[in-house]
Amino acid sequence: MEWNEGLEGAALRIAKTDASPLRIVAGPGTGKTFSLMRRVARLLQEGVTPERIFVSTFTRTAARDLEDSLRELGVRGATDVHAGTIHSFCFSVLVREEVLLATGRTPRPLLAAEERFLLEDLKGEPFGGVQDCRGLLQAFNAAWARLQTEEPGWPVDVVDSKFEIALESWLRFHRGMLIGEIVPVTLGFLRDNPATPVLTAFDHVIVDEYQDLNRSEQVMLDVLASSGRFTLVGDEDQSIYSFKHAHPQGISQFHGDHPETHDEYLEECRRCPQRIVVMANTLIQYNQSRQSRALLPRNTNPPGEVHVVQWDSIEEEAKGIARFINARVAEGLVDPGRVLVLAPRRQFGYAIRDALKVNGTPAHSFFQEEALDGDPKKMDESQAQQAVTLLNLLADPDDRVALRCWCGFGSQSLRSGAWKRLRRHCEQTGQAPREALEHMTRGELTLPNCKELINRFELLQQRLSQLTALSGKELVDGLFPVDQQWAQALRTAAETIDKDDVDALQLREGVRTTISQPDLPVDVDYVRVMSLHKSKGLTADLVVVAGCIEGLIPTVADDDLSPDEQTAMLEEQRRVFYVAVTRARQTLVLSSVTSLPRKLAYKMGAQVGQGFSPSAKTVTTRFLNQLGPTRPAAVKGQTFLRSQGL
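Taking the numbering used here, the leading residue of the sequence shown gets 20, the next gets one more, and so forth.
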C-alpha cells in the first residue's frame with residue numbers, strides 16, 4: 020500500500036499508544052494491514068523480542084499474507100514474529116504440552132462431510148434431528164458460549180450436557196477430533212495449568228479480524244495477553260459468522276470487559292470508488308444496533324462503475340454475465356485474476372463459471388468442501404466422498420472415522436443402527452472395529468442385522484488390495500479417475516502436492532488440507548467464483564454479485580425465532596452484502612433473476628410465488644433498494660448487454 024500522510028499518521032499514533040488495550044476500528048479498504056504492520060515494525064524498533072509478539076489471523080490465507088507482509092517490512096526480526104491462526108497456535112500448544120496424549124484424544128480432524136455420519140449416530144431423543152444436532156455441535160465448538168455475554172467452557176443446559184457426553188464418547192471411540200474444539204480444549208488446559216509457560220509467552224498479542232471470533236476464541240486470546248499488551252483490529256460491520264457464534268458485540272462492546280481500552284479509527288476507504296462507498300454507507304445504516312459511523316470516500320478515487328441487472332433465468336444470467344466479463348477481458352480492461360464472482364448458492368456460481376469456460380475465460384470455484392458435494396445416502400452422488408474415505412483407509416487401515424463412513428454410504432440411515440451394534444460389541448470386548456469386521460467376514464463373529472456392514476467391508480478389502488502397491492500418478496488415477504467429472508476437484512487438490520512419487524499418506528494429508536482449509540489465492544490468472552462469505556479479505560477490479568433475490572440475500576429467518584433474533588439475522592445478512600459490495604475497486608455488477616425452477620427454488624430456500632408450475636417467480640432482494648439514491652436504476656439483461664455493445 021502506498022504511503023500517505025493521513026494513514027501514516029494514524030499508524031504512528033497507534034504505535035505510540037500506552038500500555039492499555041488498543042482497539043483499532045477499521046472499515047473495508049481503510050488500510051488496517053498497513054497500520055498493523057507499522058505497529059509490529061515500531062515494536063521491533065523499540066527492542067521488543069520478535070518471538071514475544073503474537074499476531075493472530077482468522078484464516079490460513081490471511082496468515083500467509085501476513086507472513087509475506089512481515090518479510091517486506093525490512094525490519095530486523097520481523098520474520099521471527101509468531102504469526103498464524105489461533106487454531107494452528109492452539110494445536111501446537113496441545114501437541115507440545117502433550118495434552119492430547121494425556122487426555123487420550125487423537126488429533127484426527129473430521130471433515131464436514133464426515134460430520135454427517137456423526138450427526139446421524141447422535142440424532143434422536145433428547146437431541147432431535149440432524150439439524151438440531153448440528154446446532155448443538157456448533158454450540159459445543161463455541162464452548163457453549165452461544166451469546167457474547169456467556170462464559171465459555173461448560174454446558175449449563177441439561178440437553179447440552181448430555182450432548183457433550185455423547186459427542187465426546189463418539190469422538191473418543193472413533194479416535195477423531197473436531198477442528199472447532201481445538202480452541203476450547205486449549206482454553207481448558209490453560210485455565211487448569213497456571214504454571215504453564217504458555218501464559219507468559221507473549222508481551223504483545225495482536226489480533227486481526229477480531230469481529231470474526233466467537234466468545235471462547237476471544238477469551239483464549241485474553242488469557243494469552245494476560246501478561247502483556249492486547250491489540251485488536253476489526254469492524255463490527257463486517258461481522259458475518261454468527262453460525263459459529265461470533266457476534267458484532269464482541270468488538271463493539273470490547274471496552275465493557277476492558278475498561279482502559281484506547282480506540283483508534285481508520286475511516287477513509289482507499290479501495291472502493293466513491294459511488295460504492297456512498298452506497299455501502301446507505302446500506303449499512305439500516306442496521307440499527309450498530310455504532311453510528313460511516314466510511315469516508317477518498318477524494319482521489321474515481322466515481323466508479325455500477326450496474327444493476329435483472330435476467331429471466333439462471334441460464335440467461337450466467338451467459339450474460341460471462342459475455343460481459345469475457346468482453347472486458349478481451350478488451351484488456353481487466354485481467355481474469357482481477358475478477359470476483361460472488362453467489363449466495365453454488366448453483367449460480369457454477370453456471371457462471373461454466374459459461375466463462377465455454378467462452379474461453381479461465382475460472383475456478385471456491386465453495387466450502389465442494390470437492391465432496393453429494394448426498395452420502397446415495398451411491399451415485401457420494402463417489403467423491405467415497406474416494407476420499409478410501410484414501411484415508413489406504414493411508415491408515417485403522418482410521419475408525421473413515422471406516423464408519425465407508426460402512427454407511429448408500430443407506431438412508433447411513434447404517435447407523437448396525438454400526439451402533441458393532442460399536443457396542445467393540446466397547447464390551449475391546450476389539451477394534453476393523454478387527455471385529457474381519458472376524459464377521461470369516462464367520463467367526465455374528466452380530467444381528469449387520470450383513471450390509473460385512474458387504475461394505477468386503478468391498479473395501481477388494482478396493483484396498485487394488486490400490487496398495489500404487490503411488491504417484493497411478494495412485495491418483497486409481498482413486499480419482501481422470502474421466503470422471505466428480506473426481507476433477509480432487510485431482511486438482513492432488514496437483515498441489517509437489518512430489519511425483521506421492522504415497523497414500525502424503526496424498527491424504529495434501530487432499531485433506533486442501534479440502535478442509537482451502538487457500539483463496541490472490542495472484543491468479545483466472546476468475547474466482549465463491550460465496551459472499553468467502554470473499555472476506557479479497558478485492559478485485561470487477562466484482563459481480565449474482566443471485567440477488569429474497570430468500571438467498573437475505574436468507575429467510577426461521578419463524579421459531581423471536582423478533583429480536585430475526586432482526587439480528589437480517590442485520591447480519593445485510594453485513595454480508597455490505598462485505599460483498601466493498602470488494603470492488605472499479606466495477607460492481609449486482610445481478611438478479613426473475614424466475615427459478617420451482618424444485619430448485621425450494622431446495623435453495625428462495626422466496627417464490629405460490630403455484631404448481633415448473634417455474635416460480637422470484638423477488639429481488641430488498642438490499643438493492645437500501646443502497647440508496649446513488650444506486651443506478653435496474654435494467655433488463657438484454658438492455659444491459661446492448662449498452663455494453665454486446
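C-beta atoms are modelled at their ideal positions from N, C-alpha and C, and glycine is treated no differently.
Given the structure is predicted, the values throughout are model-derived calculations rather than measurements.
Taken in chain order, the whole alpha helix (DSSP H) runs of length 4 or more contained in the region 409-476 are 419-427, 435-448, 452-460. Here L285 is buried: its Cβ has 16 or more other Cβ atoms, across all protein chains shown, within 10 Å. Counting only runs of at least 3 residues, the region 527-603 fully encloses the following beta strand (DSSP E) elements, listed from N- to C-terminal order: 546-549, 559-564. Below 8 Å, too few C-beta pairs join the region 559-576 and the region 239-246 to call them touching: fewer than three. Per DSSP, the beta bridge partners of I225 are V74, T250. Around the beta-carbon of P316, 16 or more other beta-carbon atoms lie within 10 Å, marking it buried. Short of 6 Å from the beta carbon of V563, and not among the five residues preceding or following it, lie these beta carbons of its own chain, in chain order: I340, V360, V608.
With a cut-off of 8 Å on Cβ pairs, the region 418-426 is in contact with the region 461-481, counting three or more such pairs. Boundaries of the alpha helix (DSSP H) harbouring I371: 365-377, taken from the DSSP string.
Inclusion of Y621 and D256 in the CB contact set at 8 Å is not warranted, their separation being larger than that value. Of the residues A45, V67, A382, the one whose Cα lies closest to the Cα of S271 is A45. With contacts defined by Cβ atoms closer than 8 Å, D227 and V252 form a contacting pair.
In the structure shown, Y305 falls within a coil segment according to DSSP collapsed to helix, strand and coil. In the three-state reduction of the DSSP assignment, D276 falls in the helix class, which pools H, G and I. Boundaries for L361: no alpha helix (DSSP H) harbours it, while the beta strand (DSSP E) harbouring it runs 358-361, taken from the DSSP string. The beta-bridge partner set that DSSP reports for R42 consists of L251, D282.
L141 and D578 have their alpha carbons spaced roughly 25 Å apart. Comparing alpha carbon positions, the residue from P582, P171, F182, G199 closest to P128 is G199. By the 16-neighbour rule on beta-carbons within 10 angstroms, Q592 is buried. Between the C-alpha atoms of F367 and L665 there is a straight-line separation of about 22 Å.
Here DSSP, grouped into helix, strand and coil, assigns Q663 to coil. Put simply, the region 67-83 does not touch the region 318-325. Fewer than three CB pairs are less than 8 Å apart. Taking the CA atoms as reference points, D254 sits about 13 Å from C288. A straight-line Cα-Cα distance of about 6 Å links T280 and L41.
Under DSSP, C152 takes part in no beta bridge, so it has no partner. Contact annotation: V541 and I568 have beta-carbon atoms that are not nearer than 8 Å. About 5 Å separates the beta carbons of D520 and G491, which is inside the 8 Å limit, making them a contact pair.
Of the candidates T205, A414, R294, T205 places its Cα closest to the Cα of E116.
With a contact defined as Cβ atoms closer than 8 Å, Y305 and Q585 miss out at about 14 Å. V202 sits in a helix when the DSSP states are folded into three classes. With a cut-off of 8 Å on Cβ pairs, the region 367-381 is not in contact with the region 393-407, counting fewer than three such pairs.
Apart from sequence neighbours up to five positions away, the residues of its chain that approach R357 with a beta-carbon distance below 6 Å are A559, D560, ordered along the chain. Secondary structure of S614 (DSSP, three-state): strand. Per DSSP, reduced to three states, the secondary structure at S634 is strand. Nearest C-alpha to A337 among Y369, L483, L197, R419: Y369. Secondary structure at C291: coil, using DSSP grouped into helix, strand and coil.
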